[in-house]
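Novice:
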Amino acid sequence: MSATAPQPLLRAPPFPGLDAGVAIAGIASASPENSDPEALFARIRAARVGGAFWERPAALSRPATVVLRPRSPGEAATLASGLNQQEAAEALWITPARADATDPWSALDGAGLLVAHGDDEWVALACIAGVPVRVLSPGRFGAPDDGQAELEAAALRALDTPRYRDPFTGDATTLFATIMTLAEWRRIIDGNRGIVAACGMAWWKREEIRRFLWCPGQPLRIVSRPARALGLAQRQDGQVAIWPSRVSPALLAAAADKGVPLVRVEDGFVRSVGLGSNLVPPSSIVVDRQGIHFDPSGPSDLETVLASTRFAPDLIERARALRETIVAAGISKYSTGAASSAPPRQPGRRLVLVPAQVEDDMSVLAGGGGLHSNLELLRRVRALEPDAEIWFRPHPDVDAGHRKGAVPDGEVLQLADRIVREGGMAPLLDVVDAVHVLTSLTGFEALMRGRAVTCHGTPFYAGWGLTRDLGTVPDRRGRALTLDELVAGVLILYPRYLDPVTSLPCPPEVLVRRMAENHAPNRLGWVAPLRRWQGRFMAMWR
0 MSATAPQPLL RAPPFPGLDA GVAIAGIASA SPENSDPEAL FARIRAARVG GAFWERPAAL
60 SRPATVVLRP RSPGEAATLA SGLNQQEAAE ALWITPARAD ATDPWSALDG AGLLVAHGDD
120 EWVALACIAG VPVRVLSPGR FGAPDDGQAE LEAAALRALD TPRYRDPFTG DATTLFATIM
180 TLAEWRRIID GNRGIVAACG MAWWKREEIR RFLWCPGQPL RIVSRPARAL GLAQRQDGQV
240 AIWPSRVSPA LLAAAADKGV PLVRVEDGFV RSVGLGSNLV PPSSIVVDRQ GIHFDPSGPS
300 DLETVLASTR FAPDLIERAR ALRETIVAAG ISKYSTGAAS SAPPRQPGRR LVLVPAQVED
360 DMSVLAGGGG LHSNLELLRR VRALEPDAEI WFRPHPDVDA GHRKGAVPDG EVLQLADRIV
420 REGGMAPLLD VVDAVHVLTS LTGFEALMRG RAVTCHGTPF YAGWGLTRDL GTVPDRRGRA
480 LTLDELVAGV LILYPRYLDP VTSLPCPPEV LVRRMAENHA PNRLGWVAPL RRWQGRFMAM
540 WR
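As numbered in numbering that gives the first Met the number 0, residues 0 to 541 make up the sequence shown, in order.
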């Protein structure tokens, strides 16, 4: 952008080292989105984007009676002299030094009046927010004599002037799509506020964790020593992000003793092309402030989303389209399966898939209801499905030699008809009639493909009216959901995603498209062959 071009009213946060530009100076073509200013303004109000929305919120205990944006200390004194005693006591001063370091929406919430110059973008934002404005001097956003209609027209021109681009493709995009992208970025940044330290993060995923948890003006310190992480949080009155499987009970106890909130971070449900145990960094994570989705002993952010969200029709439609794209592309947590096929099934028999799990995985220990053994799970399935053809799918981390849970093939084949190791999970789900799981994510992937799912434990998708539940389901899950409501909560509202091409935070549709098009590079690709060799070596000695 040239030195003389004004900043776009809608613009991207300054993600470190990344090109996130969403607006380019120029003349936009007429758009039907701009023909209804109130609908456009309503979308921006709901998204709370525009201006430097990523900056720190204003420190207010109650809405300001008047928000003042003077250009200089001298002007501030002049403005102060015109306020009555009550206005002065309840005024919010945005001084020149803080002019670009405050989230405008937090300052304008409930304000009675904005006093600013006409070249100040807060004039347009206040107009969009429905806050009365007194303009001190003429500028691009208004003049002293302008009424509400003139201020709205100026705000609309500011929105209409740039050309908008999709930051993930570089292609032209719509104003509404840009608002949606900025809204998602705001949601993520707001969710990161207060996280000042992280502990238990493996070295090979730290770069991605920094991007997932980035917040302007709030450096994230990733440390190895729990005491240091807790000390950083105490000094800054902040929170510590942890990877649950990589921290000790002692850290949990120390955090509780010191009053330091913990934020749990885990892999997302559409993670990457490649196994985490092969050191493939995640393209998706979940960030949970209440608990974690795989532990039914207490509430989690996901459980709250599923139990309380009013799923709007456009969100349900988005979930349906996302689900159909995932199924059509053969995508599962670690892979795409379009290039592989399932073995032939026996005609006339019900076909049941039993996916094994890592036996000491935290989801098994927390949600398995005391059942940890893959062999015991298989015994229970055979007892429930005496006439079915059963396929047993070993867990890839176990087969790779990295984790616990291997069952000798001979013992498996006393209960199952086939062991299926090759190919992706998606082609198997396309041909089976039903799936029996302990807590495996495969059950959720099977639901997306219309398969019957029996849960022997309590995974996050159990208890919402879509599964046959043999495990103990918390009373908190009393709500019946449709499949696409479940998909909306699990894949859209709960996780976070990184575009593997641009490294920008992205919606799930972008990551799914990259995976389907095989455009999901692994920056640590040199490590995976070494880990596979290590796994084979370890498996030889088990």
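Even for Gly, the Cβ is constructed at its ideal location relative to N, Cα and C. Just so we're clear, the structure is a prediction, and the values are computed from it rather than from any experiment.
#1: Can you give me the C-alpha to C-alpha distance between N83 and A106, rounded to a whole angstrom?
#2: Does DSSP put E120 in a helix, a strand or coil?
#3: Can you give, in chain order, each stretch of the beta strand (DSSP E) that sits fully within the region 386–449 and has at least 3 residues?
#4: Tell me which residue opens and which closes the alpha helix (DSSP H) that P72 is part of.
#5: Among residues of its own chain, excluding the 5 on either side of D359, which ones have a beta-carbon nearer than 8 Å to its beta-carbon?
#6: Would you give the residue range spanned by the alpha helix (DSSP H) that V489 belongs to?
#7: Compare the Cα-Cα distances from A4 to each of R513, G190, D118 and report the closest residue.
#8: Count the other CB atoms within 10 Å of the CB of G216; is the residue buried (16 or more) or exposed (fewer)?
#9: With respect to the beta strand (DSSP E) encompassing Q238, which residues constitute its N-terminal and C-terminal limits?
#10: Would you kindly report the start and end of the unbroken alpha helix (DSSP H) that includes W104?
#11: DSSP on W92, reduced to helix/strand/coil?
#12: Can you list, in chain order, the residues of its chain with a C-beta nearer than 8 Å to that of V262? Leave out the 5 residues immediately preceding and following it.
#13: Let me confirm a value: A255 is counted as buried when at least 16 other C-beta atoms fall within 10 Å, else exposed. Which label applies?
#14: Look at the alpha carbon of A252 and the alpha carbon of P506, and state the distance between them as a whole number of angstroms.
#15: Reducing DSSP to helix, strand and coil, say where L480 ends up.
#16: If we ignore side chains and look at the alpha-carbon of each, how far apart do T77 and V21 end up?
#17: To which residues of the same chain is R44 closer than 7 Å at the C-beta, ignoring the five residues directly before and after it?
#18: Counting only runs that start and end within the region 288–353, where is the alpha helix (DSSP H) found for 4 or more residues in a row?
#19: Alpha carbon to alpha carbon, what distance is there between A157 and I23?
#20: Determine the direct distance from the alpha carbon of L428 to that of G16, and round the result to whole angstroms.
#21: Would you kindly work out how many angstroms separate the C-alpha atoms of P62 and F443, rounded to a whole number?
#22: Quick check on this structure: which residue in A142, S439, A152, L446 has the alpha carbon closest to the alpha carbon of D294?
#23: Who are the near neighbours of H435 in its chain, counting only those whose CB is closer than 7 Å to its CB and skipping five residues on each side?
#24: When burial is assigned at 16 or more other CB atoms within 10 Å of the CB, is P280 buried or exposed?
#25: What span of residues does the beta strand (DSSP E) with L370 cover, start to end?
#26: In whole angstroms, what is the alpha-carbon distance linking I221 and S244?
#27: Along the chain, where does the beta strand (DSSP E) that runs through L261 open and close?
#28: Cβ of R475 within 8 Å of Cβ of P218?
#29: Only counting the same chain, and skipping five residues up and downstream in sequence, which positions put a Cβ closer than 6 Å to that of F40?
#30: Sort D145, V431, L364, D266 by Cα distance to I208 and report the nearest one.
#31: So what does DSSP say about P504, is it helix, strand or coil?
#32: Specify, as a first and last residue, the run of the alpha helix (DSSP H) that A152 falls within.
#33: Mapping the DSSP letters down to three states, classify R467 as helix, strand or coil.
#34: With R209 as the anchor, note down where its alpha helix (DSSP H) starts and where it stops.
#35: According to the neighbour-count rule (16 or more other Cβ atoms, all chains shown, within 10 Å of its Cβ), is D99 buried or exposed?
Specialist: Quick look at the numbers:
#1: Here residue 83 is taken as the residue at index 84 of the sequence shown, counted from 1. Here residue 106 is taken as the residue at index 107 of the sequence shown, counted from 1. In a straight line, the C-alpha of N83 is about 20 Å away from that of A106.
#2: Looking up residue 120 in the sequence shown gives position 121. Three-state result, E120: helix.
#3: 388–392, 433–436
#4: For the purposes of this step, residue 72 is taken as residue 73 along the sequence shown, with counting starting at 1. Segment 72–80, the alpha helix (DSSP H) holding P72.
#5: By 1-based counting over the sequence shown, the position of residue 359 is 360. If we look at D359 and ignore the five residues flanking it on each side, its Cβ neighbours are H371, R402, K403, G404.
#6: Here residue 489 refers to the residue found at position 490 of the sequence shown. Annotation for V489: no alpha helix (DSSP H) segment contains it, and DSSP assigns it neither H nor E.
#7: The count along the sequence shown starts at 1 and reaches residue 4 at position 5. The candidate whose alpha carbon is nearest that of A4 is D118.
#8: Position 217 of the sequence shown, counting from 1, holds the residue named residue 216. Classification for G216: exposed.
#9: Indexing the sequence shown from 1 puts residue 238 at position 239. Start and end: 238–241.
#10: Mapped onto the sequence shown, residue 104 falls at position 105. 103–107 is the extent of the alpha helix (DSSP H) around W104.
#11: Position 93 of the sequence shown, counted from the start, is the residue given in the question as residue 92. Strand at W92.
#12: Locating residue 262 in the sequence shown gives position 263, counting from the first residue. Around V262: I194, Q238, V239, A240, I241, V286, D287, R288.
#13: Translated into the one-based positions of the sequence shown, residue 255 becomes position 256. Classification for A255: exposed.
#14: What you label residue 252 is simply residue 253 of the sequence shown in a count that begins at 1. What you label residue 506 is simply residue 507 of the sequence shown in a count that begins at 1. Cα atoms of A252 and P506: separation of roughly 35 Å, rounded to the nearest angstrom.
#15: Numbered from 1 along the sequence shown, position 481 holds the residue referred to as residue 480. L480: coil per DSSP, three-state reduction.
#16: As a first step, residue 77 is located in the sequence shown; it is residue number 78 there, counting from the start. As a first step, residue 21 is located in the sequence shown; it is residue number 22 there, counting from the start. Distance between the alpha carbons of T77 and V21: 38 Å.
#17: One-based indexing of the sequence shown puts residue 44 at position 45. I127, A128, listed in sequence order.
#18: 300–307, 312–328
#19: If you number the sequence shown from 1, residue 23 lands on position 24. If you number the sequence shown from 1, residue 157 lands on position 158. One C-alpha to the other measures close to 12 Å.
#20: Taking the first residue of the sequence shown as position 1, residue 16 is located at position 17. Taking the first residue of the sequence shown as position 1, residue 428 is located at position 429. Those two C-alpha atoms are separated by around 41 Å.
#21: Translated into positions along the sequence shown, residue 62 becomes position 63. Translated into positions along the sequence shown, residue 443 becomes position 444. Rounded to the nearest angstrom, the two C-alpha atoms are 44 Å apart.
#22: Here residue 294 refers to the residue found at position 295 when the sequence shown is read from its first residue. Taking only the C-alpha atoms, the option nearest D294 is S439.
#23: For the purposes of this step, residue 435 is taken as residue 436 along the sequence shown, with counting starting at 1. If we look at H435 and ignore the five residues flanking it on each side, its Cβ neighbours are V351, V353, V380, T453, H455.
#24: Here residue 280 refers to the residue found at position 281 when the sequence shown is read from its first residue. Using a 10 angstroms sphere on the CB of P280, the tally of other CB atoms reaches 16 or more, which defines it as buried.
#25: Position 371 of the sequence shown holds residue 370. Premise fails: L370 is in no beta strand (DSSP E) and is neither H nor E.
#26: Mapped onto the sequence shown, residue 221 falls at position 222. Mapped onto the sequence shown, residue 244 falls at position 245. Computed Cα separation, rounded: 16 Å.
#27: By one-based count along the sequence shown, residue 261 stands at place 262. Run containing L261: 261–266, per the beta strand (DSSP E) assignment.
#28: The residue labelled residue 475 in the question sits at position 476 within the sequence shown. The residue labelled residue 218 in the question sits at position 219 within the sequence shown. The answer is no: Cβ separation not under 8 Å.
#29: Counted from its first residue, the sequence shown places residue 40 at position 41. Closer than 6 Å at Cβ, skipping near neighbours: I127.
#30: By 1-based counting over the sequence shown, the position of residue 208 is 209. It is D266 whose Cα lies nearest to the Cα of I208.
#31: Within the sequence shown, residue 504 is the residue found at index 505, counting from 1. Note: P504 maps to strand in three-state DSSP.
#32: As a first step, residue 152 is located in the sequence shown; it is residue number 153 there, counting from the start. Looking at the DSSP string, the run of the alpha helix (DSSP H) that includes A152 is 147–159.
#33: Position 468 of the sequence shown, counting from 1, holds the residue named residue 467. In the three-state reduction of the DSSP assignment, R467 falls in the strand class.
#34: On the sequence shown, position 210 is the one that residue 209 refers to. Annotation for R209: the continuous alpha helix (DSSP H) segment containing it runs 205–211.
#35: For the purposes of this step, residue 99 is taken as residue 100 along the sequence shown, with counting starting at 1. The residue in question, D99, is exposed, as its Cβ has fewer than 16 Cβ neighbours within 10 Å.
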